[in-house]
Each structure stands twice: as C-alpha cells, then as structure tokens.
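Q: Residue numbers (my numbering): 549 to 1306.
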Ligand code: HEM
C-alpha cells in the first residue's frame, strides 16, 4: 500500500490553486473592465491575456495578425492588456531617455555628411565584388540561377562589418554566410522568448535552465563575443588609412562618454540592424521588380539611359534617378524591413492621434498595418512606384505619405538612413545596368511566404542572371551626350573622386592660410559668388561655413552635375556649365567674386579664352581668384612624386593644355583690363612634409587616389605620349602613398587674384 498524502498538504494545494485561479480571474476582470485602456477596441482574449501577443512572435505571424486586427477594429487596437497598436500618420510620436540621447549623440558623428562621403568608396568596393561574384556564380550553373537573397546578406554584412570593425566578414569572398551571420540569424529565433520569460516565472526558469546548456548559451553569446573581439581589435588599430564608424566614435569619445562595453553593444546593433535591414530591403525590392515586368523595364531604362558603368557607383548620380528612388520607396512601403510596432512606454498621460493614453502603456505604430491601410494609401496592397513621383496619377494624390515611416521617426529614428539608401540604390542601379534578370519559377510566391518574429525569416530568392550584351553601348540615348566631352577632359571620374577632392581641399586651404586671398569684404552681405568647377561643392560649403552667419548668394558650376550635392541649402545654386562654353548671358558682369581652382588646365587649348570668359562674369569693382599648379616640382621630391607629376603633365599636354598657364595667368588678367593683379606661390604639403598629422594623411589620400585615377587614364594615352614607363602605371598609386608617408613632398600652386576696375 502506498503512503497516504497528508490531508493538510491537499488542503494547502487546493487553497493555493484556488487563490491562483481567483487572482487570475480577478486579473482578467480587471484587464477587461477596469484597466486604464479597457475602453480601447480589440479582441477580449488579447485584452485579458498577454500570451497571444507573446506567442505570435514565436510563430512569426505577428505582422499578418495585427494587420488583420487593424482591418477589423480600425486605426487603434488593444493587442495585449497593456499595449496599443496604431496605424495612422499622427501616431508617430515617441518619447526619449537621457541615456539614449547620450549614446545617440556620439554615434551620430559616424553618420554625418563628411563620414558618408568617406564611406562611399568602401561601400562601392564591396558592391563591385558582389557584382563579380554574382556574375561568376550565375554563369557557373546551366540555369544561370543564384539565390540573390543570400548574396544580399553577404554584401550588406560585409559592408557594415568593414565600416564597424575595419575589415569585412569575408562572406562575399567565400560565397558563404560567415559564422557571425549564421549565429545571429539562429539567435533571433530564440529572442522572442525573452519577453515571455519576463512575463511568466515558469518560462523564466525554463529559459535560465536552457541557458545552462552550453550549446544554447554558445548560440546566444557567439555574435556578441565575436563583436567584442572585433571591436577590441579595431579599437587597438589606429593605422587605418580610411575612416570607418569607429574613427568617428573614438575621435569624439575622448572624454570616455561611452565605455568599451557600450561601444561593443552599439556595434552589435549597428552590424546586425544595418546588415539585416539593408539585405531585407534589397531582397524585397528585387522580388517586387521582377514580379512586375513593366516596372522592371522602366527602372532598367532609366538606369541604362542616364548612367554609365562608373556612375552606377557614384552615389550622387544614382540618387538623382527619380524612378529608381520611387521603386525603393514603394518597396519600403509594401515590405518594410521593420514591419512591426516600434513600441515605446508612456510615462505620463500622452496624447496620441486624439487619444489620451495613460502612463505605463506600451504604444507604437504598426508599420505594416499603416502602410497597407486603405485609410492611408490608395490600392495599398499594389506595388505602384508612380505614387511617389512628383507627377503621380491623381488617384494617388490623397495618399497619406507620412503614415509610412520605415526609418521610424523622432529621436530614435534610424541613424543609418542615408548610408542604407546609398547601399540600396547603388546596388540596384549596378545590377540593373549590368544584368538582365528574371524570377526563377520556384520563387514566384516568395514574398507571401515570409514570416517575421524579430526579423524577417527570409527564404532563398532564386533569380536568373544573364550578363547584358554591352557591345551595343555605342547607341546611348541623347540624355547622356552632355557627359561625353567631359570624359575626354576630366580624367579623374570615379567613385573616390569626392574623397580626393575633400582631402585636397583641406591641404590647399592650409597652404593658403584660408580660402580667399583677394581683399574682399566678406562681412557685408549679400555678395554674389561663383565657384566654377565646384565638383561636389566642398569649397562652397566650407566657404559658407567660414563666413556664417553672413549668407551670400552662392553659385556652383561644373561640367559634370553628377557630383553636385543632393542637399542644397537656400541661397546656393548648382548648375551644369562647361568652362569652354558661353556662360548664361544674364550672369555677365554680376559676380562680386569669381573663384576657380585647378580647372583651367582642363580647358585644353582654350585656357586663355576660358579665363577671359570668366573675367566677363565679374562685376565692376569685383574680384577674381584663380588657382593652378605650376607644374614645377622643387628639388628633393621622391621618384614616385616625380613620376606622378610627369604623368599629369603628359595628360595635360595630351589635352592640349599649356603647362605654364599658372605663370601666364597674371598677364592674361592684365590683358582683360583687370587691376590690382597679385599672385603668391604656395607649396601644398603632402604626407610627411606636413607637420599636422591629419593634413599629412589627407595629402597622402588625395595624391594616391589621384595617381590611381590618372594611371588608369594614362593607359589610354596615344603611343609615345607617356614620359614614364607603362608598367609604372600599375603601382604608381600605392608606391606614391608609401613614399609620401615616409618622406612627403611639396606640390606648388599659384594663387592669382585681381580686381575689375569700376
Ligand atoms: C533599409 C535599411 C534600414 C531600415 C529600414 C532601418 C530602420 C530603422 C528603424 C525603424 C529604426 C528605429 C528602431 C526603433 O525605433 O526602435 C532604426 C534605428 C537605427 N538604425 Fe536603422 N535601418 C536601416 C539601415 C540601417 C543601417 C545601414 C544602419 C547603419 C549602421 C542603421 C543604423 C541604425 C541605428 C544606429 C539606429 C538606432 C538609432 C537610435 O536608437 O537613436 N540602420 N533603423
């Protein structure tokens, strides 16, 4: 006979169970009838229990479930006892905390305009490698098939790791997800357990138990430990020539605002958030394009008609592709990488979209529901890029665009937005330029199959990729013709050009001791100032900052408008102009100051005419300031610097330029009737000759990029034009870089300024 269970034990158990049941019923009644948000619409089960909301994250069904609830209950739904989900534009209202603001302030330096420019060439180099790999892998199988979703993962993570750790993960090179990517995706599957463990003691105990199993713990910790290790390695490496996220974070962290552990924590967010979201957007956009042949054809025609191969890696040029940008915008609406609720907890009574929400309630806009709501968008489930165009068809005029916030809004919105746009647009433009693509039949319903818990669980997306026949490239549409003469006269067009120009700008400014040597009163406002050959507007921006708060009317012109900045402040105008062509008539005699730097040499045989035309733009009493290279190196420069300048001279001569133009400029100005003609010869200090470390490095960067670019151009010079051995072209850039680091060099320029008499 077994031992009898004591009556008292049974009684205690019954009492405990009864108490638990009564407490639960009490809680349920409270949640349904008396909770501060009990009046909000939603299913009773969700009002009573948090379990349905927590479990759907495991099942990956939260996006479709909450969307269905919004369709049924309207723009605000109670999706859990203490959680409200909104789907309107007005509801994008968030709170912030001081700790977050502290971290964000420091991180934001890594996403500034300057940082973005620095990052362009790093991004471009990975996109180049991506294209090579896609072409190779697709041609290696009979059906020319690739899982483009996997390759987008490799690309986005390699880029973001390179920017965060100073080196990529090697996923593109090996054609395999690195351990880092694999472990992160695995860990994401168990993350929905964390809120469950917070809510239920039993789950908490189970979770803690699971974490004692070495394999489970390893899976959770691997990504973080790998990040810590890489961050540590990067923080101890200050020899990096190019600038990555860490350069900016460490530079501004001199007062140790963030600890190393906090930096590692932020980097985990950067790498995983930045990598995953970009890959997700690229996959969705590719699917939507290939599913809609008309839209695909229109996007392809735009890219192929307006850009050439190099420009597909030029962010400014790509960002001007209006239809491609509309495609990306529409993809972010139809399939946002972060489709859920960006939940925030209220700490006081908070008005959201006309509702006063009490404290301690989790609130957020459900991105997917907002984007797919008929209240916000006409035909919300259709993929219609045209709705984002300035001349959108009338039926889309009432779309409430502000309801869609793929980057979130307010003080926690995405810091990497512009970097992400750069990666996405450049990758798509290049793919569309290089390849003809179509969806493989097995991926026909790809988008509908995706589930979401903390990230999209993206399955393989198979597409067929065939290299485009580039032999017909001669028949370019007319829109491109404006750039053809430019290719002959400007040998340095490539994705690093902006980096080169900015570094060069700082070195020249340092050698001149400022930007303007002409004695013009810049404090009396507003003057009309022209920067001819402005490229990416670096000079204009720096000039505007140097004279602030005075605001002059600034004009930047260049033969190639692709470099113009996309953000143009009021008072600044950028306009395409060839210095060898007549200037707009109404500009004649109107400028207080005309500035031009290192442009005249590219005017070829018509340098003097170009200078005289510029003079015509100056108003009586106004000034002109010109800067050109003397093309005469001082003694003591290293052999690579000599070879570099010889190469430049060969190219200038080939363009028909007069190498002595710097010396001739004062005379030409006098001939034009200018007075107070002055000049000064300055020596820009490159590399080791510059005592200021940062400027020394800038000189190395700008010169080696220029040498690389000119070496490429030099290969196409006619036989006999080169004065240096052809094989030297292969290594000139890197040899010069090393030489400048070690011994430096002086590169002489002449600054000339003169006044037009009254
Ligand atoms: C298509 C690509 C991307 C999308 C759709 C996206 C979206 C978002 C969203 C919705 C948030 C706000 C999250 C919240 O409110 O809780 C966010 C935050 C953030 N994103 Fe992105 N992101 C993308 C790419 C990137 C990239 C490439 C980076 C660069 C590393 C990045 C860095 C960040 C950072 C640092 C934050 C946190 C900002 C803060 O808390 O102050 N994102 N992102």
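Heads up, the beta-carbon is just placed ideally off N, CA and C, and yes, glycines get one too.
All values reported here derive from a predicted model rather than from experimental measurement.
Would the C-beta of residue 933 count as close to the ligand HEM, meaning under 6 Å from any of its heavy atoms?
A: Indexing the chain shown from 1 puts residue 933 at position 385. No, the ligand HEM has no heavy atom inside 6 Å of this Cβ.
Q: Relative to the C-alpha of residue 922, which residue among 622, 597, 608 is closest?
A: Taking the first residue of the chain shown as 1, we reach residue 922 at position 374. For residue 922, the nearest C-alpha among the options comes from 622.
Q: Hey, would you say residue 1296 sits closer than 7 Å to residue 1229, going by beta carbons?
A: Along the chain shown, read from residue 1 onward, the residue named residue 1296 stands at position 748. Along the chain shown, read from residue 1 onward, the residue named residue 1229 stands at position 681. Closer than 7 Å, so yes.
Q: Is DSSP giving residue 1058 helix, strand or coil here?
A: Sequence index remark: in the chain shown, residue 1058 carries index 510 (1-based). Here residue 1058 sits in helix by DSSP.
Q: Can you find the residues in the same chain that come closer than 6 Å, C-beta to C-beta, to residue 1173, ignoring five residues on each side of it along the sequence?
A: Here residue 1173 refers to the residue found at position 625 of the chain shown. Correct list, in chain order: 1066, 1143, 1301.
Q: Taking only three categories from DSSP, how would you classify residue 552?
A: In the chain shown, counting from the first residue as 1, residue 552 sits at position 4. Three-state result, residue 552: coil.
Q: Taking the continuous alpha helix (DSSP H) assigned at residue 1218, which residues delimit it?
A: Taking the chain shown and counting its residues from 1, one reaches residue 1218 at position 670. Note, residue 1218: alpha helix (DSSP H), 1209-1219.
Q: Does the separation of the CB atoms of residue 1304 and residue 1166 fall below 7 Å?
A: One-based indexing of the chain shown puts residue 1304 at position 756. One-based indexing of the chain shown puts residue 1166 at position 618. In contact: residue 1304 and residue 1166 (Cβ atoms closer than 7 Å).
Q: Identify the continuous alpha helix (DSSP H) that holds residue 674 and give its terminal residues.
A: Locating residue 674 in the chain shown gives position 126, where the first residue counts as 1. Element bounds for residue 674: 661-687.
Q: Per DSSP, which one or two residues make a beta bridge with residue 1176?
A: Translated into the one-based positions of the chain shown, residue 1176 becomes position 628. Beta-bridge pairing links residue 1176 to 1298.
Q: Check each candidate in 853, 1102, 938, 1056 and name the one with the smallest Cα separation from residue 1077.
A: Working through the chain shown from its first residue, we reach residue 1077 at position 529. Per the Cα distances, 1102.
Q: Less than 6 Å separating the Cβ of residue 967 from some heavy atom of the ligand HEM?
A: As a position in the chain shown, residue 967 is number 419, starting the count at 1. For the ligand HEM, at least one heavy atom lies less than 6 Å from the Cβ of residue 967.
Q: Could you give the first and the last residue of the continuous alpha helix (DSSP H) run that contains residue 841?
A: For the purposes of this step, residue 841 is identified with residue 293 of the chain shown, where counting begins at 1. Unbroken alpha helix (DSSP H) run through residue 841: 841-854.
Q: What residues in its chain sit with their C-beta under 7 Å from that of residue 1139, if we drop five residues either side in the sequence?
A: Along the chain shown, read from residue 1 onward, the residue named residue 1139 stands at position 591. So the qualifying residues of the chain are 1076, 1077, 1078, 1165, 1166, 1167, 1170.
Q: Quick check: what's the CA-CA separation for residue 517 versus residue 681?
A: In the structure as shown, the chain starts at 549 and stops at 1306, and residue 517 therefore has no counterpart that could be examined.
Q: Enumerate in chain order the residues of its own chain whose CB-to-CB distance from residue 490 is below 6 Å, with the five nearest sequence positions on each side excluded.
A: With the chain represented from 549 up to 1306, any question about residue 490 goes unanswered, as that position is not in the structure.
Q: Sorry if obvious, but does the Cβ on residue 883 come closer than 6 Å to a heavy atom of the ligand HEM?
A: Residue 883 sits at position 335 when you count from the first residue of the chain shown. No, since every heavy atom of the ligand HEM falls outside the 6 Å radius drawn around the Cβ of residue 883.
Q: What is the rounded straight-line gap between the Cα of residue 873 and the Cα of residue 661?
A: Translated into positions along the chain shown, residue 873 becomes position 325. Translated into positions along the chain shown, residue 661 becomes position 113. Distance between the alpha carbons of residue 873 and residue 661: 20 Å.
Q: In terms of DSSP beta bridges, what is residue 1229 paired with?
A: Indexing the chain shown from 1 puts residue 1229 at position 681. For residue 1229, which the question treats as bridged, DSSP gives the partners 1298.
Q: Are there any heavy atoms of the ligand HEM lying less than 6 Å away from the beta-carbon of residue 1184, as far as the coordinates show?
A: Here residue 1184 corresponds to residue number 636 of the chain shown, with the count starting at 1. Residue 1184 Cβ: outside cutoff for every heavy atom of the ligand HEM.
Q: For residue 1243, collect the residues of the same chain with a Cβ closer than 8 Å to its Cβ; drop the 5 residues on either side in sequence, then sort them by chain order.
A: Within the chain shown, the letter at position 695 stands for residue 1243. Correct list, in chain order: 1054, 1055, 1058, 1233.
Q: Assuming residue 639 and residue 900 form a contact by the criterion Cβ under 8 Å, report the distance between their Cβ atoms to the nearest whole angstrom.
A: Residue 639 sits at position 91 when you count from the first residue of the chain shown. Residue 900 sits at position 352 when you count from the first residue of the chain shown. With a Cβ gap of about 5 Å, residue 639 and residue 900 count as contacting.
Q: Is residue 877 near the ligand NAD, going by C-beta to nearest heavy atom under 6 Å?
A: No copy of the ligand NAD appears in this structure; the ligands present are the ligand HEM.
Q: Please state whether the Cβ-Cβ distance between residue 731 and residue 770 is less than 7 Å.
A: The residue given as residue 731 occupies position 183 in the chain shown. The residue given as residue 770 occupies position 222 in the chain shown. Yes. Within cutoff.
Q: Please return the same chain residues whose Cβ sits closer than 8 Å to the Cβ of residue 897, not counting the five positions on each side in sequence.
A: In the chain shown, residue 897 corresponds to position 349, counting from 1. So the qualifying residues of the chain are 904, 905, 906, 907.
Q: Only counting the same chain, and skipping five residues up and downstream in sequence, which positions put a Cβ closer than 6 Å to that of residue 706?
A: Here residue 706 refers to the residue found at position 158 of the chain shown. Closer than 6 Å at the Cβ level, and outside the excluded window around residue 706, lie 674, 716, 717, 719, 720.
Q: State yes or no: is the C-beta of residue 640 nearer than 6 Å to some heavy atom of the ligand HEM?
A: In the chain shown, counting from the first residue as 1, residue 640 sits at position 92. For the ligand HEM, not one heavy atom lies less than 6 Å from the Cβ of residue 640.
Q: To the nearest whole angstrom, what separates the beta carbons of residue 836 and residue 931, a pair I think is in contact under 8 Å?
A: Here residue 836 refers to the residue found at position 288 when the chain shown is read from its first residue. Here residue 931 refers to the residue found at position 383 when the chain shown is read from its first residue. Indeed, because the Cβ distance is near 5 Å, the residues count as touching under 8 Å.
Q: DSSP three-state label for residue 695, please.
A: Looking up residue 695 in the chain shown gives position 147. Residue 695 falls in the strand class under three-state DSSP.
Q: Shorter than 6 Å, the distance from the beta carbon of residue 890 to the closest heavy atom of the ligand HEM, or not?
A: Against the chain shown, residue 890 aligns to sequence position 342. For the ligand HEM, at least one heavy atom lies less than 6 Å from the Cβ of residue 890.
Q: Is the segment 1206-1218 touching the segment 1269-1279 in the sense that three or more CB pairs, one from each, lie closer than 8 Å?
A: No: fewer than three Cβ pairs fall under 8 Å.
Q: Using only the alpha-carbon positions, how far apart do residue 1281 and residue 725 sit?
A: Your numbering for residue 1281 matches position 733 in the chain shown. Your numbering for residue 725 matches position 177 in the chain shown. Taking the straight line joining both Cα atoms gives about 33 Å.
Q: Would a C-beta distance cut-off of 7 Å place residue 618 and residue 635 closer than the cut-off?
A: Along the chain shown, one-based indexing puts residue 618 at 70. Along the chain shown, one-based indexing puts residue 635 at 87. It is a contact, given that the beta carbons lie within the stated cut-off.
Q: Any idea what DSSP makes of residue 988, helix, strand or coil?
A: Looking up residue 988 in the chain shown gives position 440. The answer is coil: DSSP assigns residue 988 none of H, G, I, E or B.
Q: Give me whichever residues DSSP pairs with residue 1106 in a beta bridge.
A: As a first step, residue 1106 is located in the chain shown; it is residue number 558 there, counting from the start. Residue 1106 pairs with 1124.
Q: Beta-carbon separation of residue 1247 and residue 1289 under 7 Å?
A: Within the chain shown, the letter at position 699 stands for residue 1247. Within the chain shown, the letter at position 741 stands for residue 1289. No, the pair does not count as a contact, with Cβ atoms beyond the cut-off.
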